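Below: one structure, written as structure tokens.
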Amino acid sequence: MSLPIGAISSIQSTGATNPVSNPSVGKSLAPPQGKGGDFGSFMKGFIDEANTNVNTAETKVQDLIENKTDNIQDVVMSMAKADLSFRMILEMRNKLMDAYQEIMRMQV
Amino acid sequence: MAGGINFSALDISASGMMAERMRMEVVSSNIANAQSTRGSDGEPYRRQQVVFASAMQDLAGRPNLSSSVGGVQIVDVQGDQSAFPSVFNPGHPDADEKGMVIMPNVKLPNEMVDLISASRSYEANLRAVKSFRQMAEQTLSLLRGSN
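Those sequence lines, one after another, are chains A and B.
At the far end of the first sequence sits residue 108, using my numbering, and the numbering has no gaps.
At the far end of the second sequence sits residue 147, using my numbering, and the numbering has no gaps.
Here it is in structure tokens:
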């Protein structure tokens with residue numbers, strides 16, 4: 001079943017991967033305050049968060065290699081978070097590309 | 001903060017793993033010093049114990065979403081106040097005139113049990129992390145191939 005570009009809410013509903021249903025799902029889905037909460041800033045929020053996570057993970061791995069810390073749990077956790085955030089924006093990008101191509105296939 | 005995955009389950013399990021690792025350090029110290037009759041203050045080594053407390057904030061300092069769940073933090077490493085045993089050992093350098101030596105109050109079987117318990121708790125926390133990651137990946141796979 002194709003994903004109509006108007007149904008942005010369906011992307012929103014799969015955007016949060018919170019496995020436990022709790023009231024925080026609504027909070028983490030709320031568009032970031034700032035540019036009026038349109039879809040562009042919504043995506044930007046996710047991308048920024050993924051970027052932050054990846055940079056944090058890189059810094060922590062660097063510290064571990066340089067022996068500035070011996071807390072491997074911290075390093076592994078930040079790497080897991082970076083991996084999950086990145087995979088999420090990857091999937092969102094794939095979905096958007098599919099939607100775009102579906103639109104382009106439409107007969108004028 | 002802007003939208004993103006809610007990682008509090010990961011942070012809670014990470015705090016559990018760090019606490020168990022700290023507990024293992026203390027147990028190792030107890031085991032290694034089970035025969036130390038000279039401590040820093042002239043007394044024999046006193047067995048150390050960790051005190052855990054539940055933390056109502058996550059590791060980044062943000063208050064947790066529901067106030068009844070949170071990670072764990074180590075608030076104290078306290079000495080066990082039980083009495084030092086006296087052992088008859090006249091040849092020991094620290095023996096008094098009656099030949100009795102005051103030994104640390106570390107019982108090796110207790111420490112081994114603590115070690116096993118810490119190790120199993122660590123594995124349980126690790127299992128929780130793996131489950132969380134697996135659930136997140138399965139949720140993401142919904143986006144893949146849903147056509």
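Cβ coordinates follow ideal geometry from the N, Cα and C atoms, glycine included.
These numbers were taken from a predicted model, which means no experiment stands behind them.
DSSP beta-bridge partners for Ala55/B?
Reading the second sequence from its first residue, position 55 is the one you call residue 55/B. Looking at the DSSP assignment, Ala55/B forms a beta bridge with Gly71/B.
Under the rule that 16 or more other beta-carbon atoms within 10 Å means buried, what is Thr37/B, buried or exposed?
Indexing the second sequence from 1 puts residue 37/B at position 37. Result: buried.
So, with DSSP's three-state summary, where would you put Ser15/B?
Locating residue 15/B in the second sequence gives position 15, where the first residue counts as 1. Ser15/B: helix per DSSP, three-state reduction.
Alpha carbon to alpha carbon, how far is Gly39/B from Asp80/B? Give it in angstroms, no decimals.
Position 80 of the second sequence, counting from 1, holds the residue named residue 80/B. Position 39 of the second sequence, counting from 1, holds the residue named residue 39/B. Going by the C-alpha atoms only, they are around 14 Å apart.
Is it true that the CB of Phe84/B sits closer than 8 Å to the CB of Met56/B?
Counting from one through the second sequence, the residue named residue 56/B turns up at place 56. Counting from one through the second sequence, the residue named residue 84/B turns up at place 84. Cβ atoms of Met56/B and Phe84/B: not closer than 8 Å.
Do Ile74/B and Val50/B count as a contact pair if the criterion is CB distance below 8 Å?
Residue numbering aside, residue 50/B sits at position 50 when the second sequence is read from its first letter. Residue numbering aside, residue 74/B sits at position 74 when the second sequence is read from its first letter. Yes; because the gap between Cβ atoms is below 8 Å, this pair is in contact.
Tell me which residues of the stretch 43-58 of chain A have at least one Cβ-Cβ distance to chain B shorter than 7 Å, keeping chain order.
Within the stretch 43-58 of chain A, the qualifying residues are Gly45, Phe46, Asp48 and Glu49.
Determine contact between the stretch 72-92 of chain A and the stretch 130-144 of chain B, defined as no fewer than three beta-carbon pairs at a distance below 8 Å.
Touching, yes, given that three or more Cβ pairs across the two stretches are closer than 8 Å.
Tell me whether Lys60/A is buried or exposed, calling it buried when 16 or more other Cβ atoms sit within 10 Å of its Cβ.
By one-based count along the first sequence, residue 60/A stands at place 60. Buried is the call here.
Please report the straight-line C-alpha distance between Tyr45/B and Asn30/B, rounded to a whole angstrom.
Walking along the second sequence from the start, residue 45/B turns up at place 45. Walking along the second sequence from the start, residue 30/B turns up at place 30. Roughly 8 Å separates the two Cα atoms.
Taking Pro93/B as the reference, which of Gln35/B, Lys130/B, Glu111/B and Arg23/B has the closest Cα?
As a first step, residue 93/B is located in the second sequence; it is residue number 93 there, counting from the start. Of Gln35/B, Lys130/B, Glu111/B and Arg23/B, the residue nearest in Cα terms is Gln35/B.
Tell me whether Lys68/A is buried or exposed, calling it buried when 16 or more other Cβ atoms sit within 10 Å of its Cβ.
Residue mapping note: residue 68/A aligns to position 68 of the first sequence, counting from 1. Classification of Lys68/A: exposed, given that the 10 Å Cβ count is below 16.
Should Glu84/A be flagged as near chain B, meaning a C-beta pair shorter than 8 Å?
The residue labelled residue 84/A in the question sits at position 84 within the first sequence. Glu is not the amino acid found at residue 84/A; the sequence shown has Leu there. With 8 Å as the cut-off, Leu84/A counts as an interface residue toward chain B.
If the cut is a Cβ gap below 7 Å, which residues of chain B does Met77/A touch?
As a position in the first sequence, residue 77/A is number 77, starting the count at 1. Leu10 and Ala14, listed in chain order.
So Leu84/A packs on Arg133/B, CB below 8 Å; how close in whole Å?
Counting from 1 along the first sequence, the entry for residue 84/A is found at position 84. Counting from 1 along the second sequence, the entry for residue 133/B is found at position 133. The pair is a contact, with the Cβ atoms about 7 Å apart (cut-off 8 Å).
Going along chain B in order, which residues have a C-beta closer than 9 Å to the C-beta of Asn67/A?
Here residue 67/A corresponds to residue number 67 of the first sequence, with the count starting at 1. By Cβ distance, chain B contributes nothing, its closest Cβ being about 17 Å from Asn67/A, past 9 Å.
In whole angstroms, what separates the C-alpha of Leu95/A from that of Gln48/B?
The sequence position of residue 95/A within the first sequence is 95, counting from 1. The sequence position of residue 48/B within the second sequence is 48, counting from 1. The sequence given here has Lys at residue 95/A, not Leu. Whole-angstrom Cα-Cα distance: 55 Å.
Evaluate Leu10/B with the Cβ neighbour count: other Cβ atoms within 10 Å of its Cβ, from every protein chain shown; 16 or more gives buried, anything less gives exposed.
Here residue 10/B refers to the residue found at position 10 of the second sequence. The residue in question, Leu10/B, is buried, as its Cβ has 16 or more Cβ neighbours within 10 Å.
I need the DSSP call for Phe88/B, collapsed to helix, strand or coil.
The residue labelled residue 88/B in the question sits at position 88 within the second sequence. Looking at Phe88/B - three-state DSSP - the assignment turns out to be strand.
From the DSSP output, in three-state form, read off Val113/B for me.
Your numbering for residue 113/B matches position 113 in the second sequence. Residue state, collapsed to three classes: helix.
Name the chain A residues that come within less than 7 Å of Phe52/B, Cβ to Cβ?
Here residue 52/B refers to the residue found at position 52 of the second sequence. Ordered by position in chain A, no residue passes the 7 Å Cβ test against Phe52/B, which lies about 16 Å from the chain.
Output yes or no for whether 8 Å exceeds the beta carbon distance between Val87/B and Val77/B.
As a first step, residue 87/B must be located in the second sequence, where it is residue number 87. As a first step, residue 77/B must be located in the second sequence, where it is residue number 77. Their beta carbons are not under 8 Å apart, which means Val87/B does not touch Val77/B by this criterion.
Using a Cβ-Cβ cut-off of 6 Å (strictly less than) and excluding sequence neighbours within five positions of Gly16/B, which residues of its own chain qualify?
Residue mapping note: residue 16/B aligns to position 16 of the second sequence, counting from 1. Cβ neighbours of Gly16/B beyond the five flanking positions: Val72 and Asn125.
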